[in-house]
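**Student:**
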Amino acid sequence: MRIIVDTDKCEGHNRCYSLAPDLIDVDDYGYASAIGDGNVPPELADAARLAVDNCPEYAISIEE
Ligand code: SF4
């Protein structure tokens, strides 16, 4: 599983970071990006789905 952040859609709400800080990093302005290559270890799969479901801009997706 891989988590992907569409930086064009991200509005910097920071929600994803608070829900999945091991998968997503944010810059000084709150804009998000996936950590590393976005690989999601099995134990973080629920956190990844939570981040997808809670992004108000639909900027996060998961590639199975
Ligand atoms: S929740 Fe969505 S819009 Fe907000 S920082 Fe994360 S990716 Fe960007």
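Under the numbering used here, the first residue of the sequence shown carries the number 613, and numbering increases by one thereafter. In this text, a Cβ means the ideal position worked out from N, Cα and C, and glycines have one as well. Keep in mind it's a predicted model, so treat the numbers as computed, not measured.
1) Quick check for students: name the residue ranges of the alpha helix (DSSP H) that lie wholly in the stretch 613-654, counting only runs of 4 or more.
2) Just curious, the alpha helix (DSSP H) that A671 is in, first and last residue?
3) Can you give the beta carbon distance from N651 to R614, rounded, assuming they're within the 8 Å contact cut?
4) Using the C-alpha atoms, what's the distance from E655 back to T619?
5) Taking just the CA atoms, how far does A663 sit from C628?
6) Could you tell me which of Y643, P668 and D634 sits nearest to D658, measuring between CA atoms?
**Tutor:** Well, looking at it:
1) 627-631
2) Secondary structure note for A671: it is in no alpha helix (DSSP H), with a DSSP letter that is neither H nor E.
3) 6 Å
4) 25 Å
5) 5 Å
6) D634
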